[in-house]
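J.: A single structure is presented below for examination.
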Amino acid sequence: MRKVIQQQPLVERISLLKGELHADAKSSSRLGEPDEETDVEVDVWLREHYLLLTYRMLVRSLILVRCCRSAHEYSLQGRKLYPQDPELEQLQRVISAYAVAKSDDEEESGPNSWLDHGMVRREVYPWNDYEPDRLNELPQLNVLMEKVAPQLEVKVVDLPELTGLANAQSNADSDPAISTQLGVFAKQDLQPNDIVLDETSMLTANNKLQDALCDACSADLPDLGGDDATGITACPDCEVVFCSETCLEAAMESYHPALCGMDVEAIAKDVPPAQAADSLYALLLLRALAMAETQECHPLELSEVKYIWGDFHSLPLAQHWQSPQLETSDSGAVDRHQANMPRTLPFSFEHNVRLPFHMLEKMDIDIFASQMYDVWVFNTLYAKFRGTASARLSGLGGRPIRGPEVSAVHSMWCLANHHCDPNVSWDWGGSIKFKVLDWRPEWVSARDGVEPVRRTPGIKKGDEILNHYCDIRLPVHERREWMVGALGGNCMCERCRFEE
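The opening residue of the sequence shown carries number 167 in the working numbering; numbering runs sequentially from there.
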């Protein structure tokens, strides 16, 4: 920063310092008492020159990702500091016009009711050197698979391309583009009700502050008065509880030292049901950051996330990206900068920017010095989590209906691709298991004269293991609505194409 300032015209540098000193003579709150390490001129330039640019860029960017409420809040902050700035004033008008145009409730159109969640691209950033060549690392993947599912193996498979674009709606007579990915296959015949995978993960989260859950595997803890409670143990340096000595040891090796005594227990906990999913993804991010810090590796190099595909788009930016536009209309012309670019990753300033940095600060990590943590890392992890993390309600009964409370990422489990006619079911409670289904759903076409289809239970050698991410009893349009965020586009499985 000092070198950048030294390249500026001397007249401008002197003028800025004189203005600051003149203001400081009237109010000592401007500069305050700088410590020995503070460069006064750098401090002045940051606040008087770059701070205004930062507010402009932040507000503009938040509008472009539809975070209207956050854009409004930071616009107000900026205008308090720079009340005469015409660009911030113009941006405030854009926020109001766009928020009202997108509001579902014409009567309640105040800032508190404005949109504050948008969508961004699932993207392998050009500087992301951590994504493995998954298709050429099958031996390493199958070593991991052998540990949790000896009867299964990982292979390369061709899947329909899910772009997430509005014009990607398929019809039964069109062939979708193909994306080469990974899948899980049977190495031998498997019978109904066989357990074919049993996997435990330390990448777990729960969003209830007082639930009786193991901090490591998120299994329900037994009643303290019962015989099964003898295995319960706690960290000797804090109050965190584990279901067994095995989980305590695994936690100490993988993540807990980075969080022990760091006052992170209340982060994203006990949220309203509508925010439950976002809070779980944020807590999975916290666990991943703690794992990276404990294991002294980059978050994207963790074995739990390294081989997960985040449904990243494959479109070349040079051909599809357009420069940002902030024009507003009822049709949403503010989105022109994303023309022909799929946006399927949920984004909010709170969960994608502010909260992750708050977590790192709680862990005593210098967010400006560390090379391992940045917003693009958070976005990449979220892209991997959304669509692969499993979720459930915790086991304590007697409470009203609420959102998901426990979540986890199981790196081998999530390699099995989704299908709305799955051949396995899954159950998670401490470890996650695949069980071969003893029934299959009926396919019902919307077209007249087409006979229903129902497949036979059981899995033959060489068949693909088909998982499911939604309630397969729902009609096709509801299933697709549920899964568009997880899959990165409309489900294009055989059943959905048959029933559409």
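All C-beta atoms, glycine included, are put in the ideal place defined by N, C-alpha and C.
Counting only the same chain and skipping the five closest in sequence on each side, list residues whose C-beta sits under 7 Å from that of ASP282.
T.: By 1-based counting over the sequence shown, the position of residue 282 is 116. Once the five neighbours on either side are set aside, the close Cβ partners of ASP282 are CYS233, CYS234, ARG235, SER236 and SER514.
J.: May I ask you to report which of helix, strand or coil DSSP gives VAL430?
T.: Here residue 430 refers to the residue found at position 264 of the sequence shown. Looking at VAL430 - three-state DSSP - the assignment turns out to be coil, as it is neither helix nor strand.
J.: Please name the residue or residues paired with PHE513 in a DSSP beta bridge.
T.: By 1-based counting over the sequence shown, the position of residue 513 is 347. Beta-bridge pairing links PHE513 to GLY284.
J.: Mapping DSSP to helix, strand and coil, what is SER193?
T.: One-based indexing of the sequence shown puts residue 193 at position 27. Confidence is the limiting factor: at SER193 the pLDDT is only 47, short of 50, which leaves the residue's position unreliable and the question unanswerable from this model.
J.: Would you mind giving the Cβ-Cβ distance between LYS599 and LEU363, rounded to the nearest angstrom? I have them listed as a contact below 8 Å.
T.: Taking the sequence shown and counting its residues from 1, the one referred to as residue 599 is at position 433. Taking the sequence shown and counting its residues from 1, the one referred to as residue 363 is at position 197. So it is a contact: roughly 6 Å between Cβ atoms.
J.: ASN372 by DSSP, collapsed to three states: which one?
T.: Here the question's residue 372 lines up with position 206 in the sequence shown. Of the three classes helix, strand and coil, the one that applies to ASN372 here is strand, per DSSP.
J.: Return the residue from the list GLU666, ILE625, GLU660 and ASN656 that minimises the CA-CA distance to PRO641.
T.: Stepping through the sequence shown from its first residue, residue 641 is reached at position 475. When each option's Cα is compared against that of PRO641, the closest is GLU666.
J.: Can you tell me whether PRO175 is buried or exposed, with buried defined as 16 or more other CB within 10 angstroms of its CB?
T.: Within the sequence shown, residue 175 is the residue found at index 9, counting from 1. It is exposed - the Cβ of PRO175 has fewer than 16 other Cβ atoms within 10 Å.
J.: Report yes or no: do three or more beta-carbon pairs, one from the segment 441-451 and one from the segment 573-580, lie closer than 8 Å?
T.: The segment 441-451 is in contact with the segment 573-580.
J.: Find out if the Cβ-Cβ distance for the pair VAL619, PHE664 is shorter than 8 Å.
T.: Your numbering for residue 619 matches position 453 in the sequence shown. Your numbering for residue 664 matches position 498 in the sequence shown. Yes. Within cutoff.
J.: Restricting to Cα atoms, I'd like to know which of GLY628, SER556 and MET525 is closest to ALA432.
T.: Taking the sequence shown and counting its residues from 1, one reaches residue 432 at position 266. The shortest C-alpha separation from ALA432 is found at MET525.
J.: How long is the line joining the alpha carbons of PHE408 and TYR539, rounded to whole angstroms?
T.: As a position in the sequence shown, residue 408 is number 242, starting the count at 1. As a position in the sequence shown, residue 539 is number 373, starting the count at 1. Spanning the two alpha carbons is a distance of roughly 28 Å.
J.: Does the distance from the CB of MET311 to the CB of MET529 come in under 8 Å?
T.: The count along the sequence shown starts at 1 and reaches residue 311 at position 145. The count along the sequence shown starts at 1 and reaches residue 529 at position 363. No, they are not a contact pair.
J.: Within 10 angstroms of the Cβ of SER480, are there 16 or more other Cβ atoms? Answer buried if so, exposed if not.
T.: By one-based count along the sequence shown, residue 480 stands at place 314. Its Cβ having fewer than 16 others within 10 Å, SER480 is exposed.
J.: Anyone know if the C-beta pair for VAL225 and LEU247 falls short of 8 Å?
T.: Against the sequence shown, residue 225 aligns to sequence position 59. Against the sequence shown, residue 247 aligns to sequence position 81. Not closer than 8 Å, so no.
J.: Could you tell me the alpha carbon to alpha carbon distance between ARG245 and MET223, rounded to whole angstroms?
T.: Taking the first residue of the sequence shown as position 1, residue 245 is located at position 79. Taking the first residue of the sequence shown as position 1, residue 223 is located at position 57. Between ARG245 and MET223, the C-alpha separation is close to 14 Å.
J.: Taking 7 Å as the limit between beta carbons, can you name the residues of its chain near SER611, skipping five residues before and five after?
T.: Taking the sequence shown and counting its residues from 1, the one referred to as residue 611 is at position 445. Around SER611: PHE664 and GLU665.
J.: Name the DSSP bridge partner or partners of ALA557?
T.: One-based indexing of the sequence shown puts residue 557 at position 391. Answer is SER573, bridged to ALA557.
J.: On a Cα-Cα basis, can you pick out the residue from ALA385, ASP393 and ALA456 that is closest to GLU419?
T.: Here residue 419 refers to the residue found at position 253 when the sequence shown is read from its first residue. Ranking ALA385, ASP393 and ALA456 by Cα distance to GLU419 puts ALA456 first.
J.: Taking Cβ positions, are PRO623 and LEU547 nearer each other than 8 Å?
T.: Along the sequence shown, read from residue 1 onward, the residue named residue 623 stands at position 457. Along the sequence shown, read from residue 1 onward, the residue named residue 547 stands at position 381. No, the pair does not count as a contact, with Cβ atoms beyond the cut-off.
J.: By the three-class DSSP mapping on this structure, what secondary structure does LEU212 have?
T.: Reading the sequence shown from its first residue, position 46 is the one you call residue 212. The answer is helix: DSSP assigns LEU212 an H, G or I state.
J.: Does the separation of the CB atoms of ARG288 and PHE544 fall below 8 Å?
T.: Counted from its first residue, the sequence shown places residue 288 at position 122. Counted from its first residue, the sequence shown places residue 544 at position 378. No, these two residues do not count as a Cβ contact at 8 Å.
J.: CB LEU301 to CB VAL320, shorter than 8 Å?
T.: Translated into positions along the sequence shown, residue 301 becomes position 135. Translated into positions along the sequence shown, residue 320 becomes position 154. Result no, Cβ atoms of LEU301 and VAL320 do not sit closer than 8 Å.
J.: Could you compute how far the alpha carbon of GLU647 sits from the alpha carbon of ASN656?
T.: Position 481 of the sequence shown, counted from the first residue, corresponds to residue 647. Position 490 of the sequence shown, counted from the first residue, corresponds to residue 656. About 8 Å.
J.: Can you tell me whether ASN633 is helix, strand or coil according to DSSP?
T.: Here residue 633 corresponds to residue number 467 of the sequence shown, with the count starting at 1. Reduced to three states, the DSSP call for ASN633 is strand.
J.: What does DSSP give as the partner residue(s) for LYS435 in the beta ladder?
T.: Here residue 435 refers to the residue found at position 269 of the sequence shown. Its beta-bridge partners do not exist; DSSP assigns none.
J.: Considering only their Cβ atoms, is the gap separating ARG558 from TRP592 smaller than 8 Å?
T.: Counted from its first residue, the sequence shown places residue 592 at position 426. Counted from its first residue, the sequence shown places residue 558 at position 392. No; because the gap between Cβ atoms is not below 8 Å, this pair is not in contact.
J.: Can you have a look at PRO326 and say buried or exposed, based on whether 16 or more other CB atoms are within 10 angstroms of its CB?
T.: Working through the sequence shown from its first residue, we reach residue 326 at position 160. It counts as buried.
J.: Using three-state DSSP, classify HIS585 as helix, strand or coil.
T.: Within the sequence shown, the letter at position 419 stands for residue 585. Coil, per DSSP.
J.: When the distance is taken between beta carbons, is ARG661 closer than 8 Å to TRP609?
T.: Position 443 of the sequence shown, counting from 1, holds the residue named residue 609. Position 495 of the sequence shown, counting from 1, holds the residue named residue 661. Cβ atoms of TRP609 and ARG661: closer than 8 Å.
J.: Quick one: give me the first and last residue of the alpha helix (DSSP H) that LYS246 is part of.
T.: Taking the sequence shown and counting its residues from 1, one reaches residue 246 at position 80. Here the alpha helix (DSSP H) through LYS246 covers 234-247.
J.: Our contact map puts LEU511 next to LEU348 with C-beta atoms below 8 Å; I'd like the distance itself, whole angstroms only.
T.: Your numbering for residue 511 matches position 345 in the sequence shown. Your numbering for residue 348 matches position 182 in the sequence shown. About 20 Å separates the two Cβ atoms, so there is no contact after all.
J.: At 4 residues or longer, and completely inside the segment 441-497: list those alpha helix (DSSP H) runs for me, N to C.
T.: Within the segment 441-497, the complete alpha helix (DSSP H) runs of at least 4 residues are 442-461, 469-472 and 483-486.
J.: I'd like the span of the alpha helix (DSSP H) that includes VAL225, first residue to last.
T.: Indexing the sequence shown from 1 puts residue 225 at position 59. From DSSP, the alpha helix (DSSP H) with VAL225 extends over 217-230.
J.: From which residue to which residue does the alpha helix (DSSP H) around LYS627 run?
T.: Against the sequence shown, residue 627 aligns to sequence position 461. Run containing LYS627: none; DSSP gives neither H nor E here.
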